[in-house]
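Residue numbers (UniProt numbering): 1 to 112.
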């Protein structure tokens, strides 16, 4: 076989590989575009119209950013909230135990 036949064989193999990669890339691109069209349709179907001005509920307090709050006051508010959550948990536990007929623990009586 002459030397130039090897060049032709390798050139044909490289061209075939490039065509193969091009077809695979085109197929992936088309599938990606179809997926994006489906996603766009789903997002537009799920889109909820938001009113221009959002009015806060009457019962919700106005909240300020914690970064601008006094650290001592923030710690006190945190401790109060922690104690309130602990009390609510205790009340739920006592109510559940009473409903199930289970004995209560001494720790469930805060004044003892």
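Using N, Cα and C, we set each Cβ at its ideal position, and we do this for glycine too. Please read all numbers here as calculations on a predicted model, not as lab measurements.
Taken in chain order, no unbroken stretch of beta strand (DSSP E) lies wholly in the UniProt region "Disordered" (80 to 112) with a span of 3 residues or more. Distance between residue 60 and residue 21, taken at the CA atoms: about 60 angstroms. Secondary structure at residue 1: coil, using DSSP grouped into helix, strand and coil. Pairing residue 108 with residue 92 gives a Cβ-Cβ distance that is not under 7 angstroms. Contact between residue 97 and residue 88 does not hold, since the beta-carbon distance rounds to 15 angstroms and is not under 8 angstroms.
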